[in-house]
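Worksheet for the structure shown next.
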Amino acid sequence: MPEGHSVHRIARQFDRNFVGRTVSASSPQGRFAEGAALLSGREATAARAVGKQMFLAFEDDLWLRVHLGLYGAWDFAGEILVDPTIASANGRMGQTNQRGTDLAPILDDAGENSLSSIGAPRRTRVHVRMSEQTQGLGEDGDEWPPPVVGQVRLRLLTETTCADLRGPTACVLQTPDEVAATIAKLGPDPLVDDPAEGEERFTAVVRRKPTSIALLLMDQSVVGGIGNVYRAELLFRARLNPHTPGREVPEEIVRQIWRDWVRLLAIGVETGQMMTMDDLDPAAYRLAMANRDDRHWVYRRAGLPCRVCGTAIVLEELAARKLYWCPRCQA
DNA sequence: TCTCCATGTTCAC
DNA sequence: TGAACCTGGAGAT
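With my numbering applied, the first sequence has no gaps in its numbers, which climb one by one up to 335 at the end.
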């Protein structure tokens with residue numbers, strides 16, 4: 005599942021490519037047919053991400069709320085204008101159209117959070133139309149709009165850009181009041197809330213809970229956007245035992261975790277990758293970036309030696325999710 | 001072709 | 001606390 009960084013990238017993609025444009029909406033799969041009919045023909049007016057939720061506003065105060073859940077993904081096709089605040093990890097941002105505008109790079113790696121497909125990692129279809137002169141056909145002869153492949157819950161189409169939504173946990177229309185109620189239930193998000201205020205909210209909640217810090221970090225009402233990968237990595241970086249009750253975690257460590265999340269989220273949004281070993285030396289960093297299976301301190305490293313102490317990384321189940329940690333560094 | 005798996009949430013018990 | 005939901009890739013058969 006895309007953690008918070010991906011959802012912010014998606015929102016920025018929508019902001020750049022859909023906001024201000026009239027959208028044609030459909031539900032090829034049929035499960036969002038009524039909603040798509042209501043959206044179709046309206047202009048998109050805003051795109052926002054809060055935690056793992058994305059909100060897309062349309063004319064007449066109609067909001068689309070999407071949560072990708074475990075399997076969801078957006079595939080973008082067509083002419084994709086890249087938000088200048090996000091980049092591909094390998095820097096392949098070179099394609100430009102005849103107006104000199106950046107187009108989407110081809111995949112940054114195995115599809116993880118590339119600009120063309122954002123969500124659950126999967127093989128990606130990339131269609132990049134180079135200019136309006138080629139409207140109707142992509143440069144390589146692709147159809148326009150692209151043929152529907154698989155279970156597409158919602159297709160949003162402008163004259164130049166196509167976004168296909170697959171497998172979301174939530175895809176619903178909301179009123180402004182409902183959007184506000186949804187957001188009110190979420191914990192602070194460093195890219196939405198003032199980071200200093202967020203730190204205070206996060207610290208106050210964690211410090212009064214008997215629940216383990218590992219569960220609290222995954223609780224979206226405590227902090228927005230953290231998922232299983234960032235949880236494991238944040239706890240390792242803090243050298244904190246995942247089972248420590250929140251109220252027993254020293255305040256300075258709680259604040260350190262928040263500030264680390266602020267930092268990692270910013271890196272994730274910028275690069276599209278959950279790089280958590282940013283404090284490596286440059287050579288080791290480049291190596292880690294090149295190999296997505298070797299990019300974390302503990303996540304998916306069960307049984308492998310800890311990168312710091314050599315102790316075997318432990319894998320256990322906590323609330324039906326896999327938890328990776330080093331029993332020595334995080335004793 | 002079948003089974004398992006995954007970066008998640010919600011609901012019933 | 002555990003099951004259901006959801007989708008497609010990967011590996012086993």
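Idealized CB from N, CA, C, for every residue including glycine.
Ends of the alpha helix (DSSP H) at I14? Counted as a single uninterrupted DSSP element, the alpha helix (DSSP H) harbouring I14 occupies residues G8 to N21.
What does the Cβ neighbour count give for A218, buried or exposed, with the cut at 16 atoms within 10 Å? Of the other Cβ atoms in all chains shown, 16 or more fall within 10 Å of the Cβ of A218; this residue is therefore buried.
At what residues does the alpha helix (DSSP H) containing I187 begin and finish? Segment P180 to A188, the alpha helix (DSSP H) holding I187.
So which of T275, L268, V54 and L43 has the shortest CA-CA distance to D283? L268
According to DSSP, F36 sits in a beta bridge with which residue or residues? Paired residue(s): none; F36 is not in a bridge.
Leaving out five residues before and five after L43 in sequence, what residues of the same chain have Cβ atoms less than 8 Å from its Cβ? V27, A29, F62, L66, L68, L160 and L177
Which of the three DSSP states, helix, strand or coil, is assigned to L160? strand
Taking 8 Å as the cut-off, does the region 248–267 touch the region 71–89 (at least 3 CB pairs, one atom from each stretch)? no
Local conformation of G171 per DSSP, three classes: coil
For G272, report the span of its alpha helix (DSSP H) as first-last. E255 to T275
Mapping the DSSP letters down to three states, classify A323 as helix, strand or coil. Here A323 carries a coil assignment [DSSP, helix/strand/coil].
Contact check, V266 vs G307, beta carbons under 9 Å: no
Can you list, in chain order, the residues of its chain whose CB lies under 7 Å from that of R16, leaving out five sequence neighbours each side? Answer for R16: D87, T89 and I90, listed in chain order.
Going by alpha carbons, who is nearest to V153 out of P246, E163, C175 and G171? G171
To the nearest angstrom, how far is it from the Cα of L221 to the Cα of C310? 22 Å
Indicate the three-state DSSP secondary structure (helix, strand or coil) for Y75 in the structure shown. coil
Proximal residues to E320 (C-beta, below 7 Å), its chain only, five neighbours per side dropped: L327
Is there contact here, the region 238–248 with the region 182–198, by at least three beta-carbon pairs under 8 Å? no
Among I84, P151 and P6, the one whose alpha carbon lies nearest that of Q33: Of the candidates I84, P151 and P6, the one whose C-alpha sits nearest the C-alpha of Q33 is P151.
Using CA atoms only, rank isn't needed, just tell me which of V318, L322 and R325 is closest to R332. V318
Where does the unbroken alpha helix (DSSP H) through L239 begin, and where does it stop? N232 to R241
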